[in-house]
Structures are given as structure tokens and as C-alpha cells.
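Asks: This is the structure I have questions about; it appears just below.
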Amino acid sequence: MSDIATNVIVDGTLNTLIAASVVTWGLILIKGVQHIRISYHNRRYNKEFWSAPNIQAAAHLENQDGPAARVAGIGFSTLIETDGGASTHDLEHTWDRQELLDRRLRQQMQKERGSLESGLAVLATIGSISPFVGLFGTVWGIMGALTNISKTGSASLEVVAGPIGEALIATAVGIAVAVPAVVGYNFFIRRNKVVWAFLDDFAIDFVHLALKSSFIIERAGSKPAAAAASARLTDVSGGKKSNIKDTHEELIAKEAHA
């Protein structure tokens, strides 16, 4: 085994680990910014949504950024599509309005989940294999050092310490690359669960609100529909002006009593 081959393999291992480290920190930065933006947009839209006077007004909110806004947008589109009866007769429209709405919301949530989980498989892979890649470089470097010892016929500390010490660097680099990848993976998995739980609760509340409004939503430029929906919400609330925030509190109270 030549010294050149040993150096090429050890150096290649180190370069691979350095590249993996760059990818790891790049993904951590990208996913971190993504979650900051998602958290901001979800809080903003959730506040605006529940502050709307009724579901008709909530359908025309200007803020359409973030997973919650996109889930709600799919819900409003489905309500508009099914308002007055769907003209299509495909299999999807054989369900009733509530089933179709729930299906569309779940589909959008799965899309958001896919976006949240993108890149995490790479972090998991780097965190799993980096120590072994570093160990491979170390073992190969030690093999080269032992070969040189056999050639020189000397096992003094000066001959052994240098090559073996350099070979052990690969293991240290492998561990240094793996730790941030594993920590980042676990952190973002936890954050994804929080976002998913929020979207799941939001979707359930949206279906309840749609059910309360008889699955009627205002089409663009349709004032009579808005007036009719507002009248229905007023009747349900006992003659008082309905507010989505009040409805949300009612739903929470019912679930608590149940």
C-alpha cells in the first residue's frame, strides 16, 4: 500500500466529511428560517381569522401566507365549489359536503407536512453515517502507518505517533459532523409535530365553523349570500352578532364539557 494511496483516501474522507458538514449547517439554516416564517405567518393568520366577524369575512382576508392560510384557502375554495350543489359527477363529489371538505383539508395538510419534512432525511443520513465514514478514514490511515512501520523496521514513538495521530483526526471530524446533524434532525422533528398539531386543530375548527354556517360561503361579488349567511349566524347566536372568536370559544367549551 503506497503512501500516496493512503493519503488520497484519508484526504478524500476528510473532504467528504467537510462537505457533509457544509450541507448540514446549510439545511439547519434553511429549516430554521422556514420554521421562523411558518410560526410568524401561522400566528398572524390565526389571529386575523378568529378576529373576523364571520366566516364570510374570514374568506377575504388579505394575508394568505403560511400553512394555516393555505389550509383555510383550500377550505374556502371547497365551500365555494360545493355551494349550491356541484355540477360535476365524478367520484370525488359523491361524498357529502362535510366529507369532501375534510378530505380537501387533509390533502393540503399532507402537502404542508411534505414541505416541513423536506431535507430531514438528509440530516438523518449524515448524522447516521458520518462517524462510520470518519472511522473508515482512521482505519485506513492506521493501516498505512503500520505498513510504513513494517517497511522501516522501527516501532519508535516518532515513527508511530505522527501517522496514527493524523488518522484519528478523521474519526474526530466524523463525530463533529454527526452531532449537529442529529441534534438538528431531532429539533425539527419536534417542531414539525407542533406545527402539525396546530394545523390539525385548525382544520377541525374550520369544519365546525363550516358546519355551523351550513357550508355556505360568499362567492366574489355575491352580497345576498353574505347577508343570508350573516342572518343564519345571527339566528344561531340567539339574536346577537356572531363572531368567529366567540364561536371558537364555544367549541372549546363544548369539548371541555364533553
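According to the UniProt record's numbering, the sequence shown is numbered sequentially starting from 1.
The beta carbon of each residue, even a glycine, is placed where N, CA and C say it ideally should be.
1. Under a Cβ-count criterion, where at least 16 other Cβ atoms within 10 Å of its own Cβ denotes burial, should Ala59 be classed as buried or exposed?
2. By a C-beta neighbour count over all protein chains shown, 10 Å radius and 16 as the cutoff for buried, is Phe202 buried or exposed?
3. Using 8 Å as the Cβ pair cut-off and three pairs as the minimum, do the stretch 110-117 and the stretch 131-143 touch?
4. Are the beta-carbon atoms of Leu123 and Tyr185 separated by less than 7 Å?
5. Judging by CA-CA distance, which residue of Ser150, Ala167 and Lys212 is the nearest neighbour of Ile9?
6. Give me, in chain order, the residues of the same chain whose beta-carbon lies closer than 6 Å to that of Ala181; leave out the 5 immediate sequence neighbours on both sides.
7. If we ignore side chains and look at the alpha-carbon of each, how far apart do Gln56 and Ile18 end up?
8. Please check the pair Pro131 and Ala172, which I expect to be a contact at CB under 8 Å, by giving their CB distance rounded to whole angstroms.
9. With DSSP as the reference, label Ala52 as helix, strand or coil.
10. Thinking C-alpha only, which one of Ser213, Gly137, Ala176 and Ala161 is nearest Asn7?
11. Since Gln110 is in the alpha helix (DSSP H), which residue starts that stretch and which ends it?
12. Judging by CA-CA distance, which residue of Val133, Pro163, Gly134 and Leu135 is the nearest neighbour of Thr147?
13. So, are the CB atoms of Leu79 and Phe215 less than 7 Å apart?
14. Give the straight-line distance between the Cα atoms of Pro53 and Asp102, rounded to the nearest whole angstrom.
15. Beta-carbon within less than 7 Å of Ile38's beta-carbon, same chain only, minus the 5 sequence neighbours each way: which residues are those?
16. Straight-line CA distance for Lys151 to Thr16?
Replies: Taking the geometry as given:
1. The Cβ neighbour count for Ala59, taken over all protein chains shown within 10 Å, is at least 16; the residue is labelled buried.
2. The residue is buried, with at least 16 neighbouring Cβ atoms inside 10 Å.
3. Taking a contact to require three or more Cβ pairs closer than 8 Å, the stretch 110-117 and the stretch 131-143 do not qualify as touching.
4. Contact flag set, yes.
5. For Ile9, the nearest C-alpha among the options comes from Ala167.
6. Excluding sequence neighbours, Ala181 sits near Thr24, Leu123, Ile126 and Gly127.
7. Distance between the alpha carbons of Gln56 and Ile18 is about 54 Å.
8. Pro131 to Ala172, Cβ: 10 Å. No contact.
9. Looking at Ala52 - three-state DSSP - the assignment turns out to be coil, as it is neither helix nor strand.
10. Closest option to Asn7, Cα to Cα, is Gly137.
11. It spans Arg97 to Glu117 - the alpha helix (DSSP H) in which Gln110 sits, taken as one unbroken run.
12. Minimum Cα distance to Thr147 is reached at Pro163.
13. Yes. Within cutoff.
14. Taking the straight line joining both Cα atoms gives about 23 Å.
15. Cβ within range, chain order: Gly66, Pro67 and Val195.
16. Whole-angstrom Cα-Cα distance: 30 Å.
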